[in-house]
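First the structure, in the form of structure tokens, and then the observations on it.
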Amino acid sequence: MTYTLDDLLYVMKKLSEAGLEAVIIGGTTIELELRKKQFTGDLDLFPTNHFALVEEDLFRSFALEMGWEYGHTGLGTPKMVADGPKSQVEIEFYDNIMDFYVPQEILDEAKTIEIKGVKIRKISPEDYVVLKSRSEDPEAIDVIRGVKALADQKKISLNIRKIKERLELFPETDVPTMKGRLRQAGIEV
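Reading the sequence shown from the start, the letters are residues 155 to 343 in the numbering used here.
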């Protein structure tokens, strides 16, 4: 699924107007770093003032009010398909449940950007790479490799020291696997 910058801004504005604060934690954060106007895939959000799983009725009510499709992610958290001004946007909301974990420090330090008057919070490329290194997704290493290639081409910046520091936020038992995936993608930590 592809959507435009206008679609992203529309969705983020509608969520904000409804009092739903969230941080972009998925690949959209890299596309925003690249200043793209067209986005691919879904929009992965981590709500910061509501719990997606516990307060599901709030998310469902909002989707119904907006006339957006409502469903669930593979983890059972809310998923919506929003009708933007130009395209549909598939939105997936996440919480720290089961094996899915985003440290509070990453959320607290998410950068706020403003585009056309709409404020958007997003994680850094380093945080995205670290979260991806913990993912069981078979394509995760290729995705990390792609982000590293963008850094090598000077299209985005990637601070290896910050990646190392972020690894300390995860359980010790997960870090060796995360480091291994990062190494496979060409990032030495």
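Don't be surprised by glycine CBs; every beta carbon is placed ideally from N, CA and C.
Remember, predicted model here, so these are calculated numbers, not experimental data.
Checklist entry - Do the CB positions of I184 and D198 come within less than 9 Å of each other? => result no
Checklist entry - By Cβ distance below 8 Å, which residues in the same chain neighbour D160 in space, the five residues on each side in sequence not counted? => result G238, P239 and K240
Checklist entry - Unbroken beta strand (DSSP E) runs of length 3 or more, entirely within the region 249-336: which are they? => result DSSP assignment within the region 249-336 yields the following whole beta strand (DSSP E) runs of 3 residues or more, N-terminal first: 265-269 and 272-276.
Item to check | Where I267 falls, given that 16 or more other Cβ within 10 Å makes a residue buried | outcome: exposed
Checklist entry - Would DSSP call D196 helix, strand or coil? => result Residue state for D196 is assigned as coil, using DSSP reduced to three classes.
Item to check | Residue of F205, Y157 and T202 minimising C-alpha distance to L363 | outcome: Here the chain comprises residues numbered 155 to 343, so residue 363 is not present and cannot be evaluated.
Item to check | Cutoff 6 Å; reference P298; Cβ partners in own chain excluding five residues on either side | outcome: The amino acid at residue 298 is misidentified as Pro; the sequence shows Ile. Answer for I298: V283, K286 and A339, listed in chain order.
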